[in-house]
Each structure stands twice: as C-alpha cells, then as structure tokens.
Amino acid sequence: MTFEALAYFHDFNVSDFPQEWLPLTYLYDPDLPLFPILYFHELDPTLDATQRPGERDRIFGFVHSIAYDRSLGVLRVTLASSKDLSLHVNSRFVDIAKMAARSRLGLDNPVVLNDITGALTNSLVAANALLRELWIQIVASSFGGKLPFGKCWDAIFGLARYIASWNSEGGRKGELIQLHAYVAAFGERIQTGGGIHADFYLLPTWSEFRDNSNPLALFSKYSSLVGPSGATVFFSNAFTNIVNLGSSSYSRFELNNVRISTGNNFRNLNTDALVALIEQAPRGRVRTALYDNYSAFNRGPGRAILSLLMHHDLRTGKWNPEKLTQQDCISQYTGLSSSYQSPKVMQLYAQQCFGSLPALPIDNWVKTFLSAPIGLSVAPRNFHATIFASSTVWGKVERLIWMAAQARKVHSSVAENILWCVRYGGPAKEMRSANPLSCKVCDTHIRAACPSYASIQNMNITFNLVSAPPNGFNVRTSSGDNLNQNQTFTASEGLNAYDEYTTKDRPSQFAAYPSPNHAGGAAMTVSNFINTY
C-alpha cells in the first residue's frame, strides 16, 4: 500500500483572519513556486493510541490558496488534501484539517493587546508602557490589532526550516531552499492529481517521530536519518556526550572524537572534519543519509551537526519543546556553550512550531531592543536569568519586538519617527542606543514611555570636547567649535553609544547650533537639549 495522492480541494471560510495579515502570509516563495510552505500532516483522530498508523490513517496537504472577501469579512481558504473531505466517510478529518490550516495561518493563539499588557515584570516592569505604545502605533493601526502566533509550522517540517536558519547567509529565501532540499532528500514523494501541481514530500507526524519504538518503516528515507541504526544513532554513539540540565538533557558534539577516530588534528569544525566524520560511517544508507543531511543544509558543517544533534535529542525525548519552561530557556542559553547546539534555534523552533510562551529566540535585533529601548542593563553573567525572570510570555512579546524592529529596519511608515536607537550609528556598526540625537527625533509619546530615555534624560551633554565624559555624552558639530553660528550636529558619543547617522536621517528635526539661548557650549541635560534643539 502507498500513501494517497494529493488530488482533492476543500474550501472553507475563516472569519477571524484580519485582512491586514495578507502581506504577512506566504503560501509559496517566488523562486520555489511548486513548493508549498503551509504544509500539514495529521493522523486519524479516531486511531487507537496503541495502533501504529498506516498509510491511509492520516490526512496531509497544504494551504493551496487564500482570498479575502471584503463584503463578507472572511478569508476563503482552499486546501489541497489527500482526502476527499466532501465524502461522509472522511468527515472525521474535516475539523483537524481546518485546525491545521488555521494553525499555519497563525490563528492558534494570536498575540493580542491583553497578552502584552503587563507582560514584563521585575526589573523590566517599567517597559510595559513602552510595549503598549508600540502596540498601538504598529499593530493596532496596521495589522488588525493582533499578530500571528501558535503552531505556525508543522513540527517536523519546521524542524528543518529552523535548523536552516542557523548562520544562514541567504536569508529567508536561502533557508527555504535548504528546506526544499531537506524534504526532497528525506521525505516521501507524493503524487498529485485533480489539478494540484506541487513538489510535495511527506515527513512523519510529530507523534510518529517522537515514538522511538516506531521504526518509521513507512518513511524509508527519513528512517535512514533518525530510525533504528540510522545516521543520528551512529553519530550520537560515536561523536557525542550528554549534558544534563535540570529535567532535560542535550547532546554535545565532541570534535575530539573525530580527531581520535580519523587521526587528523582538526582545529575546528570545517568541511574536511565533517567529511572525515561521515567517512567513518558504514557504507550504505547511513553514510548516504549523513551526506544528504550535509548537502541539504547548503553544505554548512555547523548546520549539519546541529541537525544531527536536534533530530537525535528530539527523537529520543531528551527535551520537549511542547513543555519548555523558563528554567529550560535559561539552561539552554547558559549551559550549552561549546556543545554545537544553538539555543536560539531551539527556542525559535519551540516558539514557531509549538507556540511556546516562555521561548525567546535572541538574535542581534532582540538583544539590541532589550538594551534600548527596553532598558535592560545587567552583567552578562546575569543576562539570561534576568530576562527569563522578567516574563512568562516572551514568545508573544518577541512577536511585537520583531514587528517593531523590522518596521524600523526597512523604514516602514509605522515606525517613521520612532526606534532610531535600534539601528547602527556609524560605518563601523556601532549601536546608536539611547542618545541625545536618536531620542530627539523619536515621537513624544514613545519617548515619554521609554525606559532608556528615562535613564539618560538628566545626564549632561558636553559639546565638541576631545572625548565624552564618563557619565554623559559629547555632541559634535559641523565646525567643531562652540562659536560659529548655524552649525549642524554631526555625532553623539558616550555610554557605549555612537550616532552620526540620525542627523543625516532626520536633518530637518534639529535647530541650528548654537541656539541664542545656549552660548559658549555650556553643558546641558539631555532633556534640555531636546527642548532646545
């Protein structure tokens, strides 16, 4: 028996999808037009828990198309499905197919204002007012008052998608190309019909994957990767040790084991080291799977190792992204250094594929945002403990942070006059952070709610000194002195912030220096500077 073909369409309406989400919803990528992104695969809900699923005990497919009907205020969703859902015999699959589609569209548990209100506690409580103002300005005005959240990606499909994101040079497009290569290497090719045209490859469901007693015989290529005596088992036995962190454990890649087994003194994990590792595997399906895993992730040695680590740990239940706790999040960031694991990818996976609330994937944008405007100032050794003690819903808060940071990054109109502090301040990529120039051009209502501005508003600014004072800022002007009239501001420095770009970005928002009421370059506070210039 074989898997059923994708040969049926099924239409249904969704009444709670904001039309403002249409630009956020990607069904395909232009460079991969036959590769559907909103993939789903669910088991028969009436299947006995003790019964191993067969080829027909499941429904799979993807969101084929969507169209918003403004007259009715509903989204018309068309699924490509392996079951004819118009038949009574398949009625038990209708609700789970619809639910899966809703999940892919971000409607599981969308972020709403109530989630953000009071979301931060302890040392970050002062930032709640800022989050509210950002929500009103960005989300309420332009995205229908809520943001997608929940099981936005299938758990197995999404695993490869987020492994591909680690140190990816090609951005989102490159990550999707890697995902396509992965499913083509390890998925079962599904035939299509009935007007459906797609490169569709079926992977196991999450429950099948997590059942370590299931040899995954229906998925022969995937079994060669994670099944009994598969590639991850070989890799784990030969090249890893275990790191125990609380109630979870994680595999740590041991490069020294590669040195010992190959007799080569590799200084770091590179292509030569990875190929040498693969060549230690027995010829046949295991070695082929290791090479396919390496090739799928754009031949990145680090991603190939991360893939083997994560597949093995999740398959064997070492940690559970469905039940991630705040302490798990702290432990992943603080206890897995030099393990070749990626805590950011792990928490991104938990957030995007399981709707994990505690998870916070910390990238440069998030870290910058936490520093300014949120105003986190803490010793590096206490950073993660402080962060995760300050909210139980970082997974949702991060969606607002991401939307705000992206809006600022691309100069979106919703962030036109706010959040200049999160951008680079000069050609050497120093951060602007909160400084007299970036805070000057920020909208008044955002500045009034901003903890970072509150922390500097009473600090002194000097003008045209050789260097900044230890506890304040030095602002430079176009003539480099405090006498010539009609000068422009050229830079601000101090408190680990540097900014020569804000005055170029918004020159019209600054008055000429020196002001008639500010002679001789006398020091003034940041708040006085903003009111004066």
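For the sequence shown, the positions run 298 to 830 when my numbering is used.
For every residue, glycine included, the Cβ atom is placed at its ideal position computed from N, Cα and C.
All values derive from a computational prediction rather than experimental measurement.
Counting only the same chain and skipping the five closest in sequence on each side, list residues whose C-beta sits under 7 angstroms from that of residue i.
| i | result |
| --- | --- |
| LYS463 | Correcting the residue identity first, residue 463 is Trp in this sequence and not Lys. Result list for TRP463: GLY599, ARG600, LEU603, SER639, VAL642, in chain order. |
| ILE460 | PHE594, ARG600, LEU603, SER604, MET607, VAL642 |
| ASN406 | PHE446, GLY447, GLY652 |
| LEU797 | The residue you asked about is not Leu; residue 797 is Glu in the sequence shown. These residues qualify, in order along the chain: GLY722, GLY723, THR787, ALA788. |
| ASN714 | VAL738, CYS739, ASP740 |
| ASN779 | PHE760, ASN761, PRO811, GLY817, GLY818 |
Between the options, which lies nearest to residue i when the distance is taken from Cα to Cα?
| i | options | result |
| --- | --- | --- |
| LEU324 | THR343, CYS449, THR347 | CYS449 |
| SER735 | PRO724, PRO748, VAL719 | VAL719 |
| ALA398 | ILE356, GLY415, SER368 | ILE356 |
| LEU303 | ASN779, PHE685, GLY491, PRO658 | GLY491 |
| LYS737 | LEU673, PRO804, GLU301, SER533 | PRO804 |
| GLN703 | LEU431, MET396, LEU522 | LEU431 |
| GLY370 | ASP381, THR343, SER312 | SER312 |
| ASP308 | VAL360, ALA676, PHE685, ALA570 | VAL360 |
| ARG486 | SER439, ASP778, SER517, ARG469 | SER517 |
| SER465 | GLY597, LEU792, PRO677, LEU552 | GLY597 |
| ILE827 | PHE786, LEU792, GLY791 | PHE786 |
| GLN281 | ARG458, GLN488, GLY484 | Only positions 298 to 830 of the chain appear in this structure, which leaves residue 281 out of reach. |
| ILE684 | ASN779, ASP660, SER635, ILE627 | ILE627 |
| LEU321 | ALA377, GLY467, GLY403, LEU621 | GLY403 |
| ALA482 | ALA437, SER420, TYR519 | TYR519 |
| GLN649 | LEU335, GLU301, PHE532 | LEU335 |
| ARG620 | THR689, ASP381, SER438 | The question names Arg, yet the displayed sequence has Lys at residue 620. Closest option to LYS620, Cα to Cα, is THR689. |
| ARG580 | SER526, GLU301, ASN534, ARG744 | SER526 |
| GLU352 | LYS380, SER362, PRO330 | LYS380 |
| TRP318 | ILE433, ALA570, ALA437 | ALA437 |
Taking Cβ to Cβ, would you say residue i is nearer than 8 angstroms to residue j?
| i | j | result |
| --- | --- | --- |
| LEU427 | ILE413 | no |
| ALA578 | LEU587 | yes |
| ARG373 | GLN316 | no |
| GLY614 | PRO655 | no |
| THR568 | ARG549 | no |
| ASP451 | PHE337 | yes |
| VAL663 | GLU695 | yes |
| ARG584 | ILE575 | yes |
| THR800 | SER812 | no |
| GLY442 | VAL480 | no |
| GLN644 | GLN629 | yes |
| ASP326 | LEU456 | no |
| HIS494 | PHE332 | no |
| TYR795 | GLY722 | yes |
| LEU542 | GLY632 | yes |
| PHE306 | THR375 | yes |
| LEU340 | ASP328 | no |
| SER420 | SER776 | no |
| ASN425 | LEU417 | yes |
| ALA514 | ASN590 | no |
| SER378 | GLY358 | yes |
| TYR547 | SER636 | yes |
Quick one: what's got a C-beta closer than 8 angstroms to residue i's C-beta in the same chain, skipping five residues either side?
| i | result |
| --- | --- |
| ILE435 | LEU697, MET700, ALA701, ALA704, VAL711, ALA712 |
| ILE453 | HIS338, LEU500, PRO501, THR502, TRP503, PHE506 |
| GLY791 | ASN732, ALA765, PRO766, GLY769, PHE770, ASN771 |
| SER545 | LYS615, TRP616, ASN617, ASP625, SER628 |
| PRO658 | LYS641, VAL642, GLN644, LEU645, GLN648, GLU695 |
Excluding the five sequence neighbours on either side, which residues of its own chain have a C-beta within less than 6 angstroms of the C-beta of residue i, listed in chain order?
| i | result |
| --- | --- |
| ALA809 | ASN783 |
| ALA423 | PRO748 |
| ARG582 | SER521 |
| GLY484 | TYR498, LEU499, LEU500 |
Problem - Validate contact between the segment 702 to 712 and the segment 768 to 784 using beta carbons, cut 8 angstroms, 3 pairs - result: no
Handout entry: Three-pair Cβ contact test at 8 angstroms for the segment 722 to 741 versus the segment 651 to 671
Key = yes
Problem - the segment 382 to 401 in contact with the segment 507 to 519 per 3-pair CB rule at 8 angstroms - result: no
Exercise for the section: Run through the segment 365 to 428 for me and flag every whole beta strand (DSSP E) of 3 or more residues, listed as ranges in chain order. Expected result: 371 to 378
Exercise for the section: Please determine if the segment 814 to 825 and the segment 748 to 762 are in contact, where contact requires at least 3 C-beta pairs separated by less than 8 angstroms. Expected result: yes
Practice task
At 3 residues or longer, and completely inside the segment 701 to 767: list those beta strand (DSSP E) runs for me, N to C.
Solution key: 757 to 760
Exercise for the section: Indicate whether the contact test is met: 3 or more Cβ pairs, each with one atom in the segment 611 to 628 and one in the segment 549 to 558, closer than 8 angstroms. Expected result: no
Practice task
Within the segment 564 to 626, note down every full alpha helix (DSSP H) run reaching 4 residues or more, in order along the chain.
Solution key: 568 to 576, 582 to 593, 598 to 612
Handout entry: Start-end ranges of the alpha helix (DSSP H) lying completely within the segment 321 to 354, minimum 4 residues
Key = none
Handout entry: alpha helix (DSSP H) runs contained entirely in the segment 520 to 562, provided each spans 4 or more residues
Key = 528 to 536, 552 to 559
Exercise for the section: List in chain order: all unbroken alpha helix (DSSP H) runs of 4+ residues lying wholly within the segment 660 to 688. Expected result: 661 to 668, 680 to 686
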